[in-house]
Each structure stands twice: as structure tokens, then as C-alpha cells.
Amino acid sequence: MSKYLVISALGENRPGIVEAISEVITENRCNIEESRMATLGGEFAMILLVSGPWNAIAKLEGALQSLGERKGLTVVTKRTEPKPPEEAVLPYLVEVVSMDHPGIVHEVADFFARRRINIQELNTDSYRAPHTGTPIFNM
Numbered sequence: 000m001s002k003y004l005v006i007s008a009l010g011e012n013r014p015g016i017v018e019a020i021s022e023v024i025t026e027n028r029c030n031i032e033e034s035r036m037a038t039l040g041g042e043f044a045m046i047l048l049v050s051g052p053w054n055a056i057a058k059l060e061g062a063l064q065s066l067g068e069r070k071g072l073t074v075v076t077k078r079t080e081p082k083p084p085e086e087a088v089l090p091y092l093v094e095v096v097s098m099d100h101p102g103i104v105h106e107v108a109d110f111f112a113r114r115r116i117n118i119q120e121l122n123t124d125s126y127r128a129p130h131t132g133t134p135i136f137n138m
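Under numbering that gives the first Met the number 0, read the sequence shown as residues 0 to 138, first letter to last.
Okay, here's the thing in C-alpha cells:
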């Protein structure tokens, strides 16, 4: 029976981070089930869900801590359970584009929280409008 581990890794953006972490996962007989990776500022951040036998997960936890120390990465792991079957819900896809100002994410999150709507995934970006240079926020 597979066990599950969430891995969060953060470090200065440079080539080889994904290779190093995926190598340790593979060497420990575990499998990447899901992942999200992005460069934010000068940092590279990744979060992964991996599965494997309980003893492989235990070895992987130790190997990741060693890798983090050698490569200058902050690595956090947490054991978890498989995602429960989803209830019959109506999914929403929401896109917000506006002039950028502090508090947009909070306002949108508050809107959904007050209605007991769970946010499954959220991505944001900001940029300058091409002709005017106005700061634009996209969520």
C-alpha cells in the first residue's frame, strides 16, 4: 500500500534543482504524483506529492534533508493521505484582471471563504500594460 509525502523545496534559482530532487525521489523508489514549480523573484520554489512504500518514504525524508543541506535548499516534508473522493460540486474557474493594488488576493479569497467555496489552485502575476505602463494584476 502506497504512502504519501508532500515535499516543499525552496532555494536560490539555478539549474539542477529539479534534477537533484527528482533523482533522490527516483533513487528511493518513490513516484511523483503531482507537482507545482515556479521561479518567484530570485528563488525557485517547488511543491510535490510523492508516493511509495512506507520504508521508501521514510528513507526519502532523510535523503531530502541531506540534499537540502548540501545544495542550500530549504526542504520541508509532511506525510499525508490520498485525496478523498470529491463530492458532487460545481467547479468554478475565475479570472481576475485589474489595476494592481494591495489586497486583491485577500478580497477574492474572502469572497469565496464567506461562501464556503474552497480554492483548489491559485496563480497570480503582475505586469505593466504595454502602452500606458499601468500596473496590472492577473489572477
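Glycine included, each C-beta is placed from N, C-alpha and C at the ideal position. From a predicted model like this one, the values you see are computed outputs, not experimental measurements.
Best match in THR131, GLY71, GLU80, ARG13 for proximity to ILE56 [C-alpha to C-alpha]: Stepping through the sequence shown from its first residue, residue 56 is reached at position 57. When each option's Cα is compared against that of ILE56, the closest is GLU80.
Strand pairing of ALA44, partner residues [DSSP]: Stepping through the sequence shown from its first residue, residue 44 is reached at position 45. DSSP, once it has assigned bridges, lists LEU9, ALA37 as partnering ALA44.
Should LEU4 and VAL74 be called a contact, given that it needs their Cβ atoms to be closer than 9 Å? For the purposes of this step, residue 4 is identified with residue 5 of the sequence shown, where counting begins at 1. For the purposes of this step, residue 74 is identified with residue 75 of the sequence shown, where counting begins at 1. Not a contact, by the Cβ cut-off of 9 Å.
Out of ARG28, ALA44, GLY40, GLU26, which has the shortest C-alpha to C-alpha gap to SER34? Indexing the sequence shown from 1 puts residue 34 at position 35. Looking from the CA of SER34, the closest CA among ARG28, ALA44, GLY40, GLU26 belongs to ALA44.
Going by DSSP in three states, GLU145 sits in which element: helix, strand or coil? Here the chain has residues from 0 to 138 only, and residue 145 is not among them.
Report the three-state DSSP secondary structure of LEU66 (helix, strand or coil). As a position in the sequence shown, residue 66 is number 67, starting the count at 1. DSSP places LEU66 in helix when its eight states are reduced to three.
For LEU92 and VAL23, what's the separation of their Cα atoms in angstroms? Mapped onto the sequence shown, residue 92 falls at position 93. Mapped onto the sequence shown, residue 23 falls at position 24. Roughly 35 Å between the two C-alpha positions.
Report the option in GLU86, PRO84, ASP124 whose CA atom is closest to the CA atom of HIS100. Numbered from its first residue, the sequence shown carries residue 100 at position 101. The shortest Cα separation from HIS100 among GLU86, PRO84, ASP124 belongs to ASP124.
In angstroms with no decimal places, state the Cα-to-Cα distance between LEU121 and ILE31. Start at 1 with the first residue of the sequence shown, and residue 121 comes out as number 122. Start at 1 with the first residue of the sequence shown, and residue 31 comes out as number 32. Computed Cα separation, rounded: 21 Å.
Between GLY71 and GLY132, is the Cβ-Cβ spacing less than 9 Å? For the purposes of this step, residue 71 is identified with residue 72 of the sequence shown, where counting begins at 1. For the purposes of this step, residue 132 is identified with residue 133 of the sequence shown, where counting begins at 1. Taking C-beta atoms as the reference points, GLY71 and GLY132 fail to come closer than 9 Å.
Do MET98 and ILE135 have their beta-carbon atoms positioned less than 9 Å apart in this structure? Residue mapping note: residue 135 aligns to position 136 of the sequence shown, counting from 1. Residue mapping note: residue 98 aligns to position 99 of the sequence shown, counting from 1. Yes. Within cutoff.
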